[in-house]
Amino acid sequence: LLGGLLSPQGTLTNGQWRIKGLYIPGYGDDEVKFMEETVVMCSPRFIAEWGTNRGSSARIFFELAYLHRILSTIHATELPLALSALDQTHSGIDTGRFIKDGMAIRHEGDGVTEGLRAWIEADRPEPALFFLDGDHLNQAVYREIALINRVAPQAWLLLHDTHKGPGAAVDQWMQDQPG
Numbered sequence: 000l001l002g003g004l005l006s007p008q009g010t011l012t013n014g015q016w017r018i019k020g021l022y023i024p025g026y027g028d029d030e031v032k033f034m035e036e037t038v039v040m041c042s043p044r045f046i047a048e049w050g051t052n053r054g055s056s057a058r059i060f061f062e063l064a065y066l067h068r069i070l071s072t073i074h075a076t077e078l079p080l081a082l083s084a085l086d087q088t089h090s091g092i093d094t095g096r097f098i099k100d101g102m103a104i105r106h107e108g109d110g111v112t113e114g115l116r117a118w119i120e121a122d123r124p125e126p127a128l129f130f131l132d133g134d135h136l137n138q139a140v141y142r143e144i145a146l147i148n149r150v151a152p153q154a155w156l157l158l159h160d161t162h163k164g165p166g167a168a169v170d171q172w173m174q175d176q177p178g
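The opening residue of the sequence shown carries number 0 in this note's numbering; numbering runs sequentially from there.
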């Protein structure tokens, strides 16, 4: 495995992440470590993420890219605020809270659509990393994987909460591939 958990500038405590005095809840030690190992392994020039509402994962990717001196442009997509009444987990409260100016380019809309659009408009930089943490329904995650594979087949994909629908979607998508 690659390196330690974080550089001396960061520490992990009881499943809550602190890096340079920053506290971002909702990510356990193992999740942050996996995110870090993925960023170090693929050194993405482009990162698209969606589904965290407060910009948590965008901020983590920003800090990891900074720590490891990886020049990466980060795109964070949130659901339109008009839809917040339909989804309790994305109420529109604290949207983008952890993203400060210049850390990420923010979008509103369908995560995979906006992420792929941003990647295409950026002239398809490689390597690219897509972090899927939106709708956890099997069909929604399957759709996201299939679209990314069709449009950006060389991209890296990292999925959150694979113990739920995303894990089943990955299994199903793998089974559906020829050969």
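Every residue, glycine too, gets a C-beta built ideally from N, C-alpha and C.
L158, enclosing beta strand (DSSP E) - first and last residue: Along the sequence shown, one-based indexing puts residue 158 at 159. For L158, the enclosing beta strand (DSSP E) has its first and last residue at W155 to L158.
Residues bridged to H67 (per DSSP): Mapped onto the sequence shown, residue 67 falls at position 68. According to DSSP, H67 bridges with nothing at all.
On a Cα-Cα basis, can you pick out the residue from V39, F97, F45 and P165 that is closest to R142? Here residue 142 is taken as the residue at index 143 of the sequence shown, counted from 1. Distance from the Cα of R142 is smallest, within the candidate group V39, F97, F45 and P165, for P165.
Three-state secondary structure (DSSP) at A57? The residue you call residue 57 lines up with position 58 of the sequence shown. If DSSP states are grouped into helix, strand and coil, A57 belongs with the helices.
Go to E113, then tell me how far its alpha helix (DSSP H) extends in each direction, as first and last residue. For the purposes of this step, residue 113 is taken as the residue at position 114 of the sequence shown. Run containing E113: G110 to E120, per the alpha helix (DSSP H) assignment.
Report buried or exposed for E35, applying the criterion of at least 16 other Cβ atoms within 10 angstroms of its Cβ. Locating residue 35 in the sequence shown gives position 36, where the first residue counts as 1. Under this definition E35 is a buried residue.
Output needed for G25: all residues of its chain with C-beta closer than 7 Å, excluding positions within five of it in sequence on either side, in chain order. If you number the sequence shown from 1, residue 25 lands on position 26. Cβ within range, chain order: S55.
Roughly how far, in whole angstroms, is the beta-carbon of M102 from the beta-carbon of A57, given that I think they are within contact range, below 8 Å? Reading the sequence shown from its first residue, position 103 is the one you call residue 102. Reading the sequence shown from its first residue, position 58 is the one you call residue 57. Correct: roughly 7 Å between the Cβ atoms.
Tell me the rounded alpha-carbon separation between G114 and T72. Counting from 1 along the sequence shown, the entry for residue 114 is found at position 115. Counting from 1 along the sequence shown, the entry for residue 72 is found at position 73. For G114 and T72, the distance between alpha carbons rounds to 12 Å.
DSSP state of G14 mapped onto helix, strand, coil: Taking the sequence shown and counting its residues from 1, the one referred to as residue 14 is at position 15. Low local confidence applies: a pLDDT of 38 at G14 is under 50, so the model's placement there is unreliable, with the coordinate-based value given in what follows. When secondary structure is reduced to three states using DSSP, G14 falls in the coil class, being assigned neither helix nor strand.
By Cβ distance below 6 Å, which residues in the same chain neighbour V38 in space, the five residues on each side in sequence not counted? Here residue 38 corresponds to residue number 39 of the sequence shown, with the count starting at 1. Closer than 6 Å at the Cβ level, and outside the excluded window around V38, lie L63.
Go ahead and label E77 buried or exposed: buried means 16 or more other beta carbons lie within 10 angstroms of its beta carbon, across all protein chains shown. Working through the sequence shown from its first residue, we reach residue 77 at position 78. Buried, because 16 or more other Cβ atoms sit within 10 Å of the Cβ of E77.
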